[in-house]
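*Asks:*
Protein chains: 2
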Amino acid sequence: MGIGEVIGQLFIIFAVAKLAGEVFQRLGQPPVIGELLAGILIGPHALGWIGGPGGALVGLFHDPALAQEALGLVLHVLAELGAIFLLFFVGLETRLSDLLRVGARAATVAVAGVVLPFLAGAALMLALGHPTLEAAFVGTALVATSVGITARVLGDLGYLNSLEARIILGAAVVDDILGMIALAIVTGIGAAGQVALLPVATTAALALAFTAFVAFAGTRVVRRFSCHLARLHIRNAPFVVAVTVCLGLAVLADVIGLAAIIGAFLAGLAFAETREQYALEHQTLPVYELLVPMFFVITGASVDWRLFLDGSLLGLALVVTALAIATKAVGCGLGAWGLGLRSMAIVGVGMAPRGEVGLIVASIGQGTGALPPQLFSVVVVMSVLTTLVVPPLLPLLFRGHAAPAPSTPLSADDPALAAVQDGRLPDL
Amino acid sequence: MGIGEVIGQLFIIFAVAKLAGEVFQRLGQPPVIGELLAGILIGPHALGWIGGPGGALVGLFHDPALAQEALGLVLHVLAELGAIFLLFFVGLETRLSDLLRVGARAATVAVAGVVLPFLAGAALMLALGHPTLEAAFVGTALVATSVGITARVLGDLGYLNSLEARIILGAAVVDDILGMIALAIVTGIGAAGQVALLPVATTAALALAFTAFVAFAGTRVVRRFSCHLARLHIRNAPFVVAVTVCLGLAVLADVIGLAAIIGAFLAGLAFAETREQYALEHQTLPVYELLVPMFFVITGASVDWRLFLDGSLLGLALVVTALAIATKAVGCGLGAWGLGLRSMAIVGVGMAPRGEVGLIVASIGQGTGALPPQLFSVVVVMSVLTTLVVPPLLPLLFRGHAAPAPSTPLSADDPALAAVQDGRLPDL
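From first to last, the protein sequence lines stand for chains A and B. Position in the first sequence counted from 1, then plus 32, gives you the numbering used here. Position in the second sequence counted from 1, then plus 32, gives you the numbering used here.
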């Protein structure tokens, strides 16, 4: 049948992802880095444990290339489900009411931290002679901040209640929304094939309208009708309905030309209103644990490390990484103007990690053919390095900084710390 | 890319499964029946909403037939994952210590309820001129009892603490093990291609050795080392390790020639020892909710209802169904000899539903080519009808029967009842 063989590959992906995650956590690094590196290692460009020409599948498809294509389809569908549940989970962590309560400070930091990296990244690519679409994708990949990693490092340091942490977390949320709109616009441009004013405006308007409608109307609908969910007869009805809406909005976003994950994020945002009532995050977490590592390993597996034997490409990756860190630090630091140099530096560095959001932009860019393999690999390296650099750097900036008086003791048993150690965002 | 299209099919499968489940629960029927019927309805043989020749995928595979094959591969991998997590969950519900504590009564009921249906089913098929392997598969499909549905009906009736309920639930667990060994043996025979004594003995010995080793040694290993699981650094480490072992044993079972789901069941059985400590069932449930309905819808979609326009096939399905109910009722009833006629009838009818286990046997038989499409459809109809007939029949047998004094009040808030309403087995 070939099914057993595919399940075998999924076992390898899952086991290797968790092993790498464990090793990297023990090294004090985010597990996502381990999952990516493991994917590069076991992928078809290195050890070839996954994604290679499928043995038994060849009988089904009569052609090794088509069998590999079919196996690749299975892996990419599972990776896409992983990305959908990742963004659904991030959406669940993001209350619209929290977003609206976020002050001018966080918004300023977010906007400055979006505009500067986008312009710098796109300008560098244009200066190097890349087409506008490629430049826009690289710029977009430089926009987003990975909320989970940032929150986690701050929690490990015991600085979750600091002013800087609140600004960073608030700004990271706004930043995610802006990054998603930018991604929607760039994806729309990619689908249209060229930069034409009307399609761009239409796509932008559609992205904004879809985002605003689902965020505001969806949130109200969920808030109003969520009490009725418990009346359904099927088991775990609220979770089941939330997942159905998540998949439905992902498909709808895909149909109207946006990225599927944007729909999933908005579904999460709408159900964030009712997440505590029905323990939605708690129930989403096991699905997350199963599928999200598959996304990162399969993303890693598509990186052809041999591209970096080309010295100029490695140089480009390091230049883009330096630009990604510098522009985010300067942009966000300026947004935190008036808080003192140390706080500006903390906010700037804390906003630097791109993590999974950069990778999602990269994989969408590659999937739609907008990003050539070289730039895809550059963006993946940038996402990995900007994330790797923060856990060692942030503690140095906090050294000697008076620890904030925590509202609750940050012991190992503290739920807020536990939440952050789990990589979840605390309510601000 | 075609990925969006596949995600769209997954959304349709999930949404339709849950809608059908809700409708059937409101009708007082098990949701699994709704999921199956929904699958038949939206499958390629009826409405064609899923599994048909994939539009955008055709571009990737240059041939509509190959594109449909690739889409089918994705759906079957997800269905297989659903079956794996279903049996992992059933394993988690089944403590080896509970199995060993089950009295001679439950064992007698189980053995009598396995031998009689197997012999009768196989004999009927042989008498109708079918080959030995087909006869053995049909006999095996008649062996198993669907624990979840039985437990659920008893819980809805408030008879969970009755003597009959305890015998049924204990026997159903033993029955599951016997059915799995039978399936392992039959699958082994199917893989060997013919009935030869040495391969059969080897397969049986291998199945028994694998089952006994993983059940006994695995259980001890988990009991001994589970306290160390909390020391791992990755999030939800016990759940992650259990899922890794589940996928690993599924692949191992597949490699040594058993069904993958047998490995998943044994993994569940081993981790049942530590399920409360780490809330493993609680964490497996969301994955179950996501993947298991896909198994039933996709299984339903592979039923070609047009086969039943053939009157003789419909007749055969009804004869096999009657045989399945009668032999289980007589075998299990005789096993409950001495408890009075009403109790014997309750035990006999309560053991009748084949549910998902019959379907798993059918899909394995079809997947390995051992069951031709006609007999596959016959077994599916038998599984559906034996399950459909019990919820209305069992209450009639209990009518006027003194309700047992429950050890805890069976209110809607009662955790035992809630567990059963969720379709989970209570600890006896």
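Cβ atoms here follow ideal geometry from the backbone N, Cα and C, with glycine treated the same way. Because the structure is a prediction, the values reported are computed rather than measured.
CA-CA distance, residue 395 of chain B and residue 53 of chain A?
*Replies:* Cα-Cα distance, rounded: 36 Å.
*Asks:* I need the DSSP call for residue 125 of chain A, collapsed to helix, strand or coil.
*Replies:* Three-state result, residue 125 of chain A: coil.
*Asks:* Is the beta carbon of residue 49 of chain B less than 8 Å from the beta carbon of residue 328 of chain B?
*Replies:* It is a contact, given that the beta carbons lie within the stated cut-off.
*Asks:* With C-beta atoms as the reference, is residue 272 of chain A less than 8 Å away from residue 321 of chain B?
*Replies:* Against a cut-off of 8 Å, the Cβ pair of residue 321 of chain B and residue 272 of chain A comes out as a contact.
*Asks:* Using 8 Å as the threshold, is the segment 164-175 of chain A in touch with the segment 392-409 of chain A, meaning 3 or more CB pairs across them?
*Replies:* Because the criterion of three Cβ pairs below 8 Å is met, the segment 164-175 of chain A and the segment 392-409 of chain A touch.
*Asks:* Just how far apart, CA to CA, sit residue 196 of chain A and residue 117 of chain A?
*Replies:* Distance between the alpha carbons of residue 196 of chain A and residue 117 of chain A: 29 Å.
*Asks:* For the pair the segment 285-293 of chain B and the segment 72-87 of chain B, tell me if three or more CB-CB distances fall below 8 Å.
*Replies:* Because the criterion of three Cβ pairs below 8 Å is not met, the segment 285-293 of chain B and the segment 72-87 of chain B do not touch.
*Asks:* Can you round the beta-carbon distance between residue 330 of chain A and residue 45 of chain A to whole angstroms, since I take them to be within the 8 Å contact cut?
*Replies:* Confirmed, Cβ separation roughly 7 Å.
*Asks:* Starting from residue 63 of chain B, find everything on chain A with Cβ-Cβ shorter than 7 Å and list it in chain order.
*Replies:* The contacting residues are 266.
*Asks:* Rounded to whole angstroms, what is the Cα-Cα separation between residue 201 of chain A and residue 249 of chain B?
*Replies:* Looking at the two C-alpha atoms, the distance is approximately 48 Å.
*Asks:* Just checking, does the segment 313-320 of chain B make contact with the segment 375-383 of chain B on the three C-beta pairs under 8 Å criterion?
*Replies:* Touching, no, given that fewer than three Cβ pairs across the two stretches are closer than 8 Å.
*Asks:* Mark residue 103 of chain B as exposed unless 16 or more other C-beta atoms lie within 10 angstroms of its C-beta, in which case mark it buried.
*Replies:* Buried, since its Cβ has 16 or more Cβ neighbours within 10 Å.
*Asks:* Using a Cβ cut-off of 8 Å (strictly closer), state whether residue 260 of chain B contacts chain A.
*Replies:* Not one chain A Cβ lies under 8 Å of residue 260 of chain B.
*Asks:* So with CB distances below 8 Å, who are the chain A contacts of residue 58 of chain B?
*Replies:* Near residue 58 of chain B (Cβ distances below 8 Å), the residues of chain A are 265.
*Asks:* To the nearest angstrom, report how far apart residue 109 of chain B and residue 212 of chain B are at their CA atoms.
*Replies:* Answer to the nearest angstrom: the Cα atoms are 21 Å apart.
*Asks:* Just to confirm, is the Cβ distance from residue 56 of chain B to residue 71 of chain B under 8 Å?
*Replies:* Their beta carbons are not under 8 Å apart, which means residue 56 of chain B does not touch residue 71 of chain B by this criterion.
*Asks:* CA-CA distance, residue 277 of chain A and residue 234 of chain B?
*Replies:* Computed Cα separation, rounded: 50 Å.
*Asks:* With a threshold of 8 Å between beta-carbons, can residue 322 of chain A be considered close to chain B, or not?
*Replies:* Cβ-Cβ to chain B under 8 Å: yes for residue 322 of chain A.
*Asks:* Quick one: what does DSSP say residue 48 of chain B is sitting in, helix, strand or coil?
*Replies:* Of the three classes helix, strand and coil, the one that applies to residue 48 of chain B here is helix, per DSSP.
*Asks:* Could you tell me which chain B residues have their CB closer than 7 Å to the CB of residue 315 of chain A, listed as they occur along the chain?
*Replies:* Those within 7 Å of residue 315 of chain A in chain B are 318.
*Asks:* Rounded to the nearest angstrom, what separates residue 439 of chain A and residue 194 of chain A at their Cα positions?
*Replies:* Low per-residue confidence applies at residue 439 of chain A: pLDDT is 40, beneath 50, and the placement is therefore not dependable, though the value from the model is reported in the following sentence. Each residue's alpha carbon lies about 11 Å from the other.
*Asks:* Check whether the Cβ of residue 296 of chain A lies closer than 8 Å to any Cβ atom in chain B.
*Replies:* Cβ-Cβ to chain B under 8 Å: no for residue 296 of chain A.
*Asks:* Starting from the beta carbon of residue 39 of chain A, find every residue of chain B whose beta carbon is closer than 8 Å, and list them in chain order.
*Replies:* Those are 109, 112, 113, 116, 279, 282, 283, 286 and 292, listed as they occur along chain B.
*Asks:* Against residue 47 of chain A, what residues of chain B qualify as contacts under a CB-to-CB distance less than 8 Å, listed in chain order?
*Replies:* Under the 8 Å cutoff, chain B gives 276, 279 and 280.
*Asks:* Would you decide whether residue 424 of chain B is buried or exposed? Buried here means 16 or more other CB atoms lie within 10 Å of its CB.
*Replies:* Label assigned to residue 424 of chain B: exposed.
*Asks:* Under the rule that 16 or more other beta-carbon atoms within 10 Å means buried, what is residue 398 of chain A, buried or exposed?
*Replies:* It counts as buried.
*Asks:* Can you tell me whether DSSP reads residue 42 of chain B as helix, strand or coil?
*Replies:* If DSSP states are grouped into helix, strand and coil, residue 42 of chain B belongs with the helices.
*Asks:* What I want to know is whether the C-beta of residue 256 of chain B ends up closer than 7 Å to one or more non-hydrogen atoms of the ligand ADP.
*Replies:* Here there are no bound small molecules, and the ligand ADP is not part of this structure.
*Asks:* So, helix, strand or coil for residue 320 of chain A, using DSSP?
*Replies:* Three-state result, residue 320 of chain A: helix.
*Asks:* Three or more C-beta pairs under 8 Å: does that hold for the segment 337-357 of chain B against the segment 302-310 of chain B?
*Replies:* No contact exists between the segment 337-357 of chain B and the segment 302-310 of chain B.
*Asks:* Could you name the residues of chain B that residue 67 of chain A contacts, counting a contact when the two beta carbons are closer than 7 Å?
*Replies:* Under the 7 Å cutoff, chain B gives no residues; its nearest Cβ is about 11 Å from residue 67 of chain A.
*Asks:* DSSP three-state label for residue 342 of chain B, please.
*Replies:* Coil.
*Asks:* Under 9 Å between beta-carbons, which chain A residues line up against residue 42 of chain B? List them in chain order, please.
*Replies:* Within chain A, the residues near residue 42 of chain B are 109, 113, 279 and 283.
*Asks:* With DSSP collapsed to three states, give me the class of residue 400 of chain A.
*Replies:* In the structure shown, residue 400 of chain A sits in coil (DSSP, three-state: anything other than H, G, I, E or B).
*Asks:* Chain A beta carbons: is any one of them nearer than 8 Å to that of residue 102 of chain B?
*Replies:* Yes - at least one Cβ of chain A is within 8 Å of the one on residue 102 of chain B.
*Asks:* Less than 7 Å between C-beta atoms, sequence neighbours within five positions excluded: which residues of the same chain meet that for residue 114 of chain B?
*Replies:* Cβ neighbours of residue 114 of chain B beyond the five flanking positions: 323, 324, 326 and 327.
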